[in-house]
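Worksheet for the structure shown next.
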Amino acid sequence: MADTVVPAGPETAVEDIRLKHHFATSAQQMDADTLGMWTFLITEVLFFGGMFTAYVMYRNMYLGAFASTSQYMNVVLGGTNTAVLICSSLTMALAVRAAQLSNRRHQILFLILTMIFGTAFLVIKGFEYHAKWVEHLVPGFGFQYEPAQYAHHAQILFFLYFAMTGMHALHMVVGLGLLTYLVVQAYRRVFSANYFVPVEMIGLYWHFVDIVWIFLFPLLYLIGHRR
Amino acid sequence: MSAHTHAHLHVHIPKVRTLVLVWLALICLTGMTTAVSYLELGWMNIVIALLIAVSKASMVAWIFMGVRHTTSLTKLFVVAGLVWLGIMILITASDYNTRNWTYQPMPWANNPAGGLSK
Numbered sequence: 085m086a087d088t089v090v091p092a093g094p095e096t097a098v099e100d101i102r103l104k105h106h107f108a109t110s111a112q113q114m115d116a117d118t119l120g121m122w123t124f125l126i127t128e129v130l131f132f133g134g135m136f137t138a139y140v141m142y143r144n145m146y147l148g149a150f151a152s153t154s155q156y157m158n159v160v161l162g163g164t165n166t167a168v169l170i171c172s173s174l175t176m177a178l179a180v181r182a183a184q185l186s187n188r189r190h191q192i193l194f195l196i197l198t199m200i201f202g203t204a205f206l207v208i209k210g211f212e213y214h215a216k217w218v219e220h221l222v223p224g225f226g227f228q229y230e231p232a233q234y235a236h237h238a239q240i241l242f243f244l245y246f247a248m249t250g251m252h253a254l255h256m257v258v259g260l261g262l263l264t265y266l267v268v269q270a271y272r273r274v275f276s277a278n279y280f281v282p283v284e285m286i287g288l289y290w291h292f293v294d295i296v297w298i299f300l301f302p303l304l305y306l307i308g309h310r311r
Numbered sequence: 164m165s166a167h168t169h170a171h172l173h174v175h176i177p178k179v180r181t182l183v184l185v186w187l188a189l190i191c192l193t194g195m196t197t198a199v200s201y202l203e204l205g206w207m208n209i210v211i212a213l214l215i216a217v218s219k220a221s222m223v224a225w226i227f228m229g230v231r232h233t234t235s236l237t238k239l240f241v242v243a244g245l246v247w248l249g250i251m252i253l254i255t256a257s258d259y260n261t262r263n264w265t266y267q268p269m270p271w272a273n274n275p276a277g278g279l280s281k
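Keeping their order, the protein sequence lines are chains A and B.
Going by the working numbering, the first sequence wraps up at 311, each residue one higher than the last.
Going by the working numbering, the second sequence wraps up at 281, each residue one higher than the last.
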């Protein structure tokens, strides 16, 4: 008995198994993924935006107290961290580019560099937090402040400082977890010029976290230390 | 490269030179915003700091995040997000800044004679 003849199906249908069946083309899938990621990032903008709004209101009410806090901010460490994050954004962009060009070695290299910069940021932030703790500048935990007439309102700024930088640092930790996943997947040769959506989407997330810090740095560190 | 024979995706791949130039600009602007903060410019300090921050953020979004090459719909979503952020800040500010525009009886602030203290 002759073997059953397998009918020749349309080759194009099985060409890319990563194209989900509800999309017509990979390009359409990519557009939908990008739009979905940006929708998520907009919710993040509004999430951080709530804290930025609180900052704007209290800054207008207690400008003198807020400006006086700048003497306790470490501009060198804050500025270094800004540069470190900008470097990590460059390496992230280069990692996405390497994925688009199917260059696995460069992709892994740039992803790991991004993780090193991200970790460096968190370590520096840790030293800053430690200094704040030693100087009794953690609100609610034996907060002490000079000049004393600003103590109450300065505490509001330090509350915002820890809320905003803490939430930012948490996003960095999540980002490092996502990058670890990308390195493993890249090592397993998952990504190529045909499929690099996760690299690009996590890249968007990483750049967004960088943008948050771009606003945090001048608002928290550079308010009034010229006085 | 085989990238063109199999790829269905006609994505724009950024030049290394472009990415490095943006990085350089971001580093320079970080130095600039730090330097300017040491000058006494009154209310201009915050304006300059925010202008620099907005231009840095725009560069990251436009080039690094590739908004430049996304669909119009995605661009519209990005702008919508910023508009909503603006609404949140604007309406909150209009509340806090106008609370003392109307007369509020404050009996706890009255003087013993009975009339309002102010």
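We put the beta carbon where it would ideally sit given N, CA and C, even for glycine.
Endpoints, the alpha helix (DSSP H) within which residue i is located
i, result
"P282(A)", "281 to 300"
"G162(A)", "159 to 184"
"E41(A)", "There is no way to answer for residue 41(A), as the model of chain A reaches only from 85 to 311."
"G249(B)", "235 to 261"
"K219(B)", "207 to 222"
"F330(A)", "Missing from the structure shown is residue 330(A); chain A here goes from 85 to 311 and no further."
"A108(A)", "Where A108(A) is concerned, there is no enclosing alpha helix (DSSP H), given that its DSSP letter is neither H nor E."
"I200(A)", "188 to 218"
"V199(B)", "179 to 199"
"A277(A)", "No alpha helix (DSSP H) holds A277(A); DSSP gives it neither H nor E."
"H175(B)", "Unbroken run through H175(B): none, as it is neither H nor E."
"V268(A)", "235 to 271"
Residue-chain proximity (residue i, chain A), Cβ-Cβ < 9 Å
i, result
"V210(B)", "no"
"N370(B)", "Examination of residue 370(B) is not possible in this model, given that chain B is present from 164 through 281 alone."
"M228(B)", "yes"
"S322(B)", "In the structure as shown, chain B starts at 164 and stops at 281, and residue 322(B) therefore has no counterpart that could be examined."
"P270(B)", "no"
"W264(B)", "no"
"H169(B)", "Confidence at H169(B) is low in this model, with a pLDDT of 43, below 50, so its placement is unreliable and the value that follows should be read with caution. Chain A contact via Cβ: present."
For residue j and residue i, believed in contact at Cβ under 8 Å, the rounded distance
i, j, result
"S152(A)", "D294(A)", "With a Cβ gap of about 29 Å, S152(A) and D294(A) do not count as contacting."
"N165(A)", "I208(A)", "5 Å"
"L178(A)", "A212(B)", "At roughly 29 Å, the Cβ-Cβ gap does not stay under 8 Å, so L178(A) and A212(B) are not in contact."
Any C-beta of chain B under 9 Å from that of residue i
i, result
"F301(A)", "yes"
"L119(A)", "yes"
"Q184(A)", "yes"
"E212(A)", "no"
"R272(A)", "no"
"H291(A)", "yes"
"R188(A)", "no"
"M176(A)", "yes"
"L288(A)", "yes"
"M114(A)", "yes"
"N158(A)", "no"
"A167(A)", "yes"
"G259(A)", "no"
"V218(A)", "no"
"E230(A)", "no"
"P94(A)", "Since pLDDT at P94(A) reaches only 45, below the 50 mark, its modelled position is unreliable, and the value read off the structure follows with that caveat. No, because no Cβ of chain B sits closer than 9 Å to the Cβ of P94(A)."
"L304(A)", "no"
"M145(A)", "yes"
"I126(A)", "yes"
"I295(A)", "yes"
"I298(A)", "yes"
Chain B contact residues for residue i, given Cβ-Cβ distances below 7 Å
i, result
"V129(A)", "G244, L248"
"T123(A)", "F240"
"A163(A)", "In the sequence under discussion, the amino acid at residue 163(A) is Gly, which differs from the Ala named in the question. What G163(A) touches in chain B: T193, T197."
Within chain B, partners of residue i - CB distance below 8 Å
i, result
"M141(A)", "T255, A256, Y259"
"I192(A)", "Here the premise fails: no neighbours, minimum Cβ distance about 17 Å."
Contact list for residue i against chain A, beta-carbon separation under 8 Å
i, result
"M251(B)", "L130, G133, G134, T137"
"L182(B)", "L174, A177, L178, R181"
Residues that residue i contacts on chain A, provided the C-beta gap is smaller than 9 Å
i, result
"W186(B)", "I170, C171, S173, L174, A177"
Chain A contact residues for residue i, given Cβ-Cβ distances below 7 Å
i, result
"L214(B)", "The premise fails here: L214(B) is roughly 10 Å from chain A at the closest Cβ pair, so nothing lies under 7 Å."
Partner residues on chain B for residue i, Cβ-Cβ distance less than 9 Å
i, result
"I240(A)", "Near I240(A) there are no residues of chain B at all, since even the closest Cβ is about 14 Å away, more than 9 Å."
(request) Could you say if the segment 284 to 293 of chain A and the segment 254 to 269 of chain A meet the contact criterion of at least three C-beta pairs nearer than 8 Å? (result) yes
(request) Give a yes or no on contact between the segment 189 to 198 of chain A and the segment 265 to 277 of chain A, applying the rule of three or more CB pairs nearer than 8 Å. (result) yes
(message) Whether or not the segment 208 to 222 of chain B and the segment 295 to 304 of chain A are in contact is what I'm after, with contact meaning three or more pairs of Cβ atoms, one per stretch, closer than 8 Å; do they touch?
(response) yes
(request) Could you tell me whether the segment 238 to 246 of chain A touches the segment 220 to 230 of chain A, using the rule of 3 or more Cβ pairs below 8 Å? (result) Using a C-beta cut-off of 8 Å, the segment 238 to 246 of chain A makes contact with the segment 220 to 230 of chain A, since at least three inter-stretch Cβ pairs fall below that distance.
(message) Check whether the segment 173 to 185 of chain B and the segment 236 to 252 of chain B touch, using three or more Cβ-Cβ pairs below 8 Å as the test.
(response) No, the segment 173 to 185 of chain B is not in contact with the segment 236 to 252 of chain B.
(message) Can you confirm whether the segment 181 to 191 of chain B touches the segment 241 to 249 of chain B when touching is taken to mean that 3 or more C-beta pairs between the two stretches lie within less than 8 Å?
(response) no
(message) I want to know whether the segment 270 to 278 of chain A touches the segment 224 to 233 of chain A - three or more CB-CB distances under 8 Å.
(response) no
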